[in-house]
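Comments concern the structure below.
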Amino acid sequence: SQTKKLVVQIPQILLILMFKKNPLKNSGSWDLTGTPIFIDGDATGIGAKNWTWAVSQPWCSGNGISVNPYVIENVTINGLNSSNCIEIRDSDNHFVSNSFI
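Numbering (the UniProt record's numbering), first residue to last: 1 to 101.
See the structure below:
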């Protein structure tokens, strides 16, 4: 496993942060018009839209821990009157969304 080390020194504080190097899946962006993202952290079985499913999509990366949260990015979603464009249920995982809704 490859890691990158970042050392930040602020007077009287030394932070050492370790980041896993995750190659980009794709540098593109995705238009999910009419297709809101729904993730159920407790979903299981074939077709379950859980975090395992999400990271298999080109717009999601990470592993859900504080130093490597799931990241949903480069997504444009027009929900076409949906109540939610991104809905995440039953999840204790760390995540970040960098998308246009």
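Every residue, glycine too, gets a C-beta built ideally from N, C-alpha and C.
Residue i - partner residues in DSSP beta bridges
{"i": "Thr33", "result": "Beta-bridge pairing links Thr33 to no other residue."}
Contact belief for residue i with residue j at Cβ below 8 Å, rounded distance in angstroms
{"i": "Gly64", "j": "Tyr70", "result": "5 Å"}
Residue i classed as buried or exposed, judged by whether at least 16 other C-beta atoms fall within 10 angstroms
{"i": "Val67", "result": "exposed"}
{"i": "Gly62", "result": "buried"}
{"i": "Ala48", "result": "exposed"}
{"i": "Val75", "result": "buried"}
{"i": "Ile77", "result": "buried"}
{"i": "Ile39", "result": "buried"}
C-beta contact flag for residue i and residue j at 8 Å
{"i": "Ser83", "j": "Gly41", "result": "no"}
{"i": "Ile72", "j": "Trp53", "result": "no"}
Residue i - DSSP class collapsed to helix/strand/coil
{"i": "Val71", "result": "strand"}
{"i": "Thr52", "result": "helix"}
{"i": "Cys85", "result": "coil"}
{"i": "Leu24", "result": "Caution is warranted here: a pLDDT of 47 is assigned to Leu24, below 50, making its placement in the model unreliable, and no coordinate value can be reported."}
{"i": "Asp40", "result": "strand"}
{"i": "Ile46", "result": "coil"}
{"i": "Ile77", "result": "coil"}
{"i": "Ser91", "result": "coil"}
{"i": "Ser97", "result": "strand"}
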